[in-house]
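If you're matching positions, the sequence shown starts at 4 in this note's numbering and goes up one per residue. Note sheet for the following structure.
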Amino acid sequence: MAWLRRNVTLRYGIPMVSSQIRNTSICLRSPQLLVTGGSFGLREFAQIRYDYQKLHRKMDPDLEAKLKKSTTLESEYEKIQNSTFDDWKSIRGPRPWEDSITVQAQQKALSSKSS
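What follows is the structure in structure tokens.
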């Protein structure tokens, strides 16, 4: 019973709704019914939309084959284990205030000097 006392909705929300239902007429309750019923109706229409999209979705066959191909953690580990990272270089990307074309030109110039 202690959880009933701690639940905010049961403690404050239910008495407020019940007092509004007793003290108001049908015309004043209709907006409440419209909002509540509209949320349930919207949920149903959204579900219909998602079901329709799921049934009628057209996907590129190459992409679909790639998605259906199972990739395991072990196969990816083997790919990484067989590769070498000795010739790996850290390349700095452009800052938001820098022009990306000039930064790329500078990087190409530096890489050609070091080669």
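The C-beta atom is built at its ideal place from N, Cα and C for all residues, glycine as well. All values reported here derive from a predicted model rather than from experimental measurement.
Integer-rounded CB distance, given that residue j should sit under 8 Å from residue i
{"i": "proline 99", "j": "valine 106", "result": "Going by Cβ atoms, the distance from proline 99 to valine 106 rounds to 12 Å, so no, they are not a contact pair."}
{"i": "glutamine 109", "j": "isoleucine 94", "result": "11 Å between Cβ atoms; not a contact."}
Where the alpha helix (DSSP H) containing residue i begins and where it ends
{"i": "lysine 116", "result": "103-117"}
Which whole runs of the alpha helix (DSSP H) in the stretch 52-84 are 4 residues long or more, in chain order?
64-71
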